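Protein chains in written order, with the numbering used here: chain H, 111 to 394; chain E, 3 to 348.
Heads up, the thing below is written out as structure tokens.
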């Protein structure tokens, strides 16, 4: 072996990559979630949408409208809480859409794609993060609710079932967020679209006022709204509101079942579109 | 599981080229961004992909780094096909893209930690390597600061450090010094030279002729998606064939005698009286030696005698018919050449 050949051999040996295996999917995802949680630490104001905003809503609705909305046999403040929680969970779509869209617009997505990791880890990481994000909101609101007189009346089992439904619905909404976040060209566009769709949809329901007072066509739309099923289910499970009136639309008579059906249906329809939009956006 | 096979596949690289492109083509609709680009980079060397904005450099790098699928043609990195074995390619290379690819809301150390963890390195290893890289890139003090507060040069250095966390044998750098001040640029060059000394193979794109000249073993000049020339910096300069003998006399009163003497041996001579300088076209070193002998035998005292090769800028001009335009606000990239001076003073 000549000297230069020896040199060549040692030189190549020197740059051998470390003996490492690409991380498992779980580690990929936890790293992505860790990253998002660090973002909160750096910009705590990111949490205002699930802290100050819903608390403000609770207080505004409870004290401003609370006097003029009467729910026979129930306290409006208690009746209100499931509505606001459902609304906050619906906004999970918002959080995941904005976060994903910002990542997609930056060089960092190219960095992630150049790594030996699954592209899906970006999605799953963002989704788990948004559930954490929304859950912080639910927690803060629960405390606020407790402070103004909201109580759970029907025991721990039903109480947990209501929270589980809330999470299930949040999961369905995340797919909507992934679809919107992957399809829109800028965070501003995401904001615009979400504010003109999700926001009114959360109002066109039984969230803040009973549907009885609405014009009949509007009432039908509101009662078929998935949000209404979720809110009705939570109210019944927590003992915060009456059962559906006899003339209410079908979904409200089986609110738990319809919430599950709605969540599964939204996921089934939206998730293939969302994944396709994401793959298209990250391929060229 | 094929984990062990995979690991061996990553390490088991022959002595073949570290990077290869064969007839790469990328079309976006009607637009052909990259048109039949082929090159090969031996291990431990630097290839400079040189061209103006929009020439297709970034698209080429994106195809080589699995970010973009070639319309046709193929590419291999560390022996692995980018289309068929993207996973193995990703484990063999690092990429520093043109846009900053670090997370602005994390600290420098956290960025390194995130990438180390996404490469699957053990936690202790990540901490050790992070400290080492921060030190090497003079970022130790800034390691715990949020990247948002970094200067452009620090960001670039961190970007590069992050690409190196898994010690990739092949590194792609897309315009690594664009937007840097001259001092940071020279510092980054030093770091890159160090990496190459340690055996890393580098592919860097640049609009700066000087940068390609400084760092690259071979240069591929690309314009409108096509390769218009390739070779060593020296070969490219020879290719444009405009070498000149530049001669400076010590005493102004000998300038005319020197001009006469030189004119007897070369077809034409340009005189710059103020600089006491004579310039004549030359074919190469033999012309230069001949002139040196003639003057040594004469009474004329010379300050300087040299062969002036054309700059890469001249090469680019002769190849493309237009200058490689440096980005706005960033001039004086190429040293001023005596040959162009005489052109003006003729």
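Backbone N, C-alpha and C define an ideal beta-carbon position, used for all residues, glycine too.
Bear in mind the structure is a predicted one, so any value in this text is a computation, not a measurement.
Less than 6 Å between C-beta atoms, sequence neighbours within five positions excluded: which residues of the same chain meet that for residue i?
i                     : result
residue 24 (chain E)  : 40, 75, 76
residue 287 (chain H) : 203, 206, 207
residue 146 (chain H) : 239
residue 285 (chain H) : 377, 380, 381, 384
residue 374 (chain H) : none
residue 263 (chain H) : 349
residue 162 (chain E) : 98
residue 390 (chain H) : none
Applying a beta-carbon distance threshold of less than 8 Å, which residues of chain H neighbour residue i?
i                     : result
residue 185 (chain E) : What residue 185 (chain E) touches in chain H: nothing, since even the nearest Cβ is about 24 Å away.
residue 148 (chain E) : 152
residue 71 (chain E)  : 393, 394
residue 116 (chain E) : 141, 144, 145
residue 264 (chain E) : Ordered by position in chain H, no residue passes the 8 Å Cβ test against residue 264 (chain E), which lies about 44 Å from the chain.
Could you list which residues in chain H have their beta carbon closer than 9 Å to that of residue i, in chain order?
i                     : result
residue 92 (chain E)  : 132, 223, 224, 225, 226, 227
residue 108 (chain E) : 145, 148, 149, 152
Taking only three categories from DSSP, how would you classify residue i?
i                     : result
residue 59 (chain E)  : helix
residue 248 (chain E) : strand
residue 106 (chain E) : coil
residue 93 (chain E)  : helix
residue 167 (chain E) : coil
residue 283 (chain E) : strand
residue 232 (chain E) : strand
residue 239 (chain E) : helix
residue 28 (chain E)  : strand
residue 21 (chain E)  : strand
Does any residue of chain H bring its CB to less than 7 Å from the CB of residue i?
i                     : result
residue 102 (chain E) : yes
residue 19 (chain E)  : no
residue 356 (chain E) : Because chain E is modelled from 3 through 348, residue 356 (chain E) falls outside the range shown and cannot be assessed.
residue 190 (chain E) : no
residue 122 (chain E) : yes
residue 135 (chain E) : no
residue 197 (chain E) : no
residue 97 (chain E)  : yes
residue 6 (chain E)   : Only weak support exists for where residue 6 (chain E) lies, its pLDDT of 41 falling under 50; the value from the coordinates is given anyway. Output row for residue 6 (chain E): interface = no.
Give me the chain H residues within the contact set of residue i, using Cβ-Cβ distance strictly less than 7 Å, ordered along the chain.
i                     : result
residue 119 (chain E) : 133, 137, 141
residue 105 (chain E) : 145, 218
residue 89 (chain E)  : 226
residue 112 (chain E) : 148
Closer than 7 Å by C-beta to residue i: which residues in its own chain qualify, once you throw out the five before and the five after it? Chain order, please.
i                     : result
residue 379 (chain H) : none
residue 337 (chain H) : 196, 200, 311, 312, 315, 317
residue 231 (chain H) : 135, 138, 139, 142
residue 234 (chain H) : 139
residue 18 (chain E)  : 81
residue 388 (chain H) : 233, 288, 292
residue 156 (chain H) : 149, 150
residue 331 (chain E) : Only weak support exists for where residue 331 (chain E) lies, its pLDDT of 39 falling under 50; the value from the coordinates is given anyway. For residue 331 (chain E), where only same-chain residues beyond five positions count, there are no Cβ hits under 7 Å.
residue 184 (chain H) : 350, 351, 352
Determine whether the Cβ of residue i lies closer than 7 Å to any Cβ atom of chain E.
i                     : result
residue 121 (chain H) : In this prediction, residue 121 (chain H) scores a pLDDT of 41, lower than 50, which makes its location untrustworthy; no coordinate-derived value is stated.
residue 149 (chain H) : yes
residue 357 (chain H) : no
residue 218 (chain H) : yes
residue 386 (chain H) : no
Which residues in chain E have a C-beta closer than 9 Å to the C-beta of residue i? List them in chain order.
i                     : result
residue 236 (chain H) : None at all; the shortest Cβ gap to chain E is about 14 Å.
Tell me whether residue i is buried or exposed, calling it buried when 16 or more other Cβ atoms sit within 10 Å of its Cβ.
i                     : result
residue 262 (chain E) : exposed
residue 348 (chain H) : buried
residue 318 (chain E) : buried
residue 327 (chain H) : exposed
residue 150 (chain E) : exposed
residue 253 (chain E) : exposed
residue 167 (chain H) : buried
residue 340 (chain E) : Reliability of the predicted coordinates at residue 340 (chain E) is poor, the pLDDT of 36 falling under 50, and the value obtained from them is presented with this limitation in mind. Buried: at least 16 other Cβ atoms inside 10 Å.
residue 165 (chain E) : buried
residue 290 (chain H) : buried
residue 56 (chain H)  : Residue 56 (chain H) is absent from the model: chain H starts at 111 and stops at 394.
Tell me which residues share the same chain as residue i and place their Cβ nearer than 8 Å to its Cβ, disregarding the 5 neighbours each side in the sequence.
i                     : result
residue 223 (chain H) : 229, 392
residue 34 (chain E)  : 27, 28, 227
residue 181 (chain H) : 189, 320, 351, 352
Does any C-beta atom of chain B lie closer than 7 Å to the C-beta of residue i?
i                     : result
residue 290 (chain E) : Although the question refers to chain B, the structure presented lacks it and instead comprises the protein chains H and E.
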